[in-house]
Every structure is written in structure tokens, then in C-alpha cells.
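Participant: Sharing a structure below in C-alpha cells format, with a few things to ask.
Chains as they are written, first to last, in our numbering: chain A, 15 to 105; chain B, 7 to 27.
Right, dumping it as C-alpha cells:
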């Protein structure tokens with residue numbers, strides 16, 4: 015994933031807080047995945063307008079962590095969601 | 007909270023597991 019790529023949630027995919035599990039889930043038609051706090055933090059920054067690089071820098075500042083580590087983890091996380099059609103990425 | 011690699015778990019039922027990443 016490139017720094018200029020722009021991630022966004024496809025139509026019909028949304029974040030939802032599941033009260034039974036007390037965790038955030040990403041819902042798609044007939045499918046769902048659970049997210050941990052970091053996954054939720056990443057997707058909370060995804061708005062279909064901000065770039066991968068912008069989001070990585072924001073999270074690096076928020077978590078006081080190296081931006082290259084954040085970008086590496088974000089790329090794997092968002093790539094896994096894209097592969098399963100929970101995420102769109104535009105270049 | 008410190009940064010950590012995020013984990014995604016697949017749900018097979020949302021209002022009543024394999025690790026994808």
C-alpha cells in the first residue's frame with residue numbers, strides 16, 4: 015500500500031459496537047470481523063478522503079510510535095481487509 | 007494505550023475464531 019493510497023469503506027460496510035461481545039466489529043452483508051482497539055483506531059481514521067500516509071502520521075503522533083512501524087502494521091491490517099472486500103483502496 | 011499490531015478475527019450472529027491478520 016502506498017502513502018498516497020486512499021482507503022475507504024465500501025457501500026454496505028460499517029463499524030458497529032457489539033454490546034454482547036463488548037467489542038467493535040466491521041459489518042458487511044452476511045459477513046463480519048471483530049476488531050481490537052488498534053484496529054478500531056485505524057478504521058476510525060478511514061473516511062475515504064485521507065491518504066494512508068496522512069492516517070499513519072496521525073496515529074504515530076497519537077500513539078507516540080514510529081511512523082514506519084505504524085505504516086507497516088496498517089498496511090497488513092488494511093490489506094487483509096481489502097483482500098476480503100471489507101475495504102476499498104483508491105490510488 | 008500503546009501501539010500494537012492489530013488483530014482481525016473472523017465471525018462465522020452478531021447479536022448473539024480464525025485470525026485473519
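Even for Gly, the Cβ is constructed at its ideal location relative to N, Cα and C.
1) Taking buried to mean at least 16 other C-beta atoms within 10 Å of its own C-beta, is residue 10/B buried or exposed?
2) My assumption, with CB atoms under 8 Å, is that residue 38/A sits in contact with residue 49/A. Please give the rounded CB distance.
3) Let's test the definition: count the other Cβ atoms within 10 Å of the Cβ of residue 53/A and tell me whether it reaches 16, buried, or not, exposed.
4) Relative to the C-alpha of residue 42/A, which residue among 30/A, 92/A, 73/A, 91/A is closest?
5) Distance check for residue 33/A and residue 91/A, CA to CA, integer angstroms please.
6) So with CB distances below 7 Å, who are the chain B contacts of residue 56/A?
7) Identify whether residue 16/B lies in helix, strand or coil by the three-state DSSP scheme.
8) Taking a cut of 7 Å between CB atoms, which residues from the segment 37-54 of chain A lie near chain B?
Facilitator: Per the coordinate set shown:
1) What you label residue 10/B is simply residue 4 of the second chain in a count that begins at 1. By the neighbour-count rule (16 or more Cβ atoms within 10 Å), residue 10/B is not buried but exposed.
2) Here residue 38/A refers to the residue found at position 24 of the first chain. Here residue 49/A refers to the residue found at position 35 of the first chain. Indeed, because the Cβ distance is near 5 Å, the residues count as touching under 8 Å.
3) Within the first chain, the letter at position 39 stands for residue 53/A. Its Cβ being crowded by 16 or more others within 10 Å, residue 53/A is buried.
4) Counted from its first residue, the first chain places residue 42/A at position 28. Closest by alpha carbon: 30/A.
5) By 1-based counting over the first chain, the position of residue 91/A is 77. By 1-based counting over the first chain, the position of residue 33/A is 19. Rounded to the nearest angstrom, the two C-alpha atoms are 24 Å apart.
6) Position 42 of the first chain, counting from 1, holds the residue named residue 56/A. What residue 56/A touches in chain B: 12.
7) Start at 1 with the first residue of the second chain, and residue 16/B comes out as number 10. Strand at residue 16/B.
8) 39, 41, 46, 47, 48, 49, 50, 51, 52, 53
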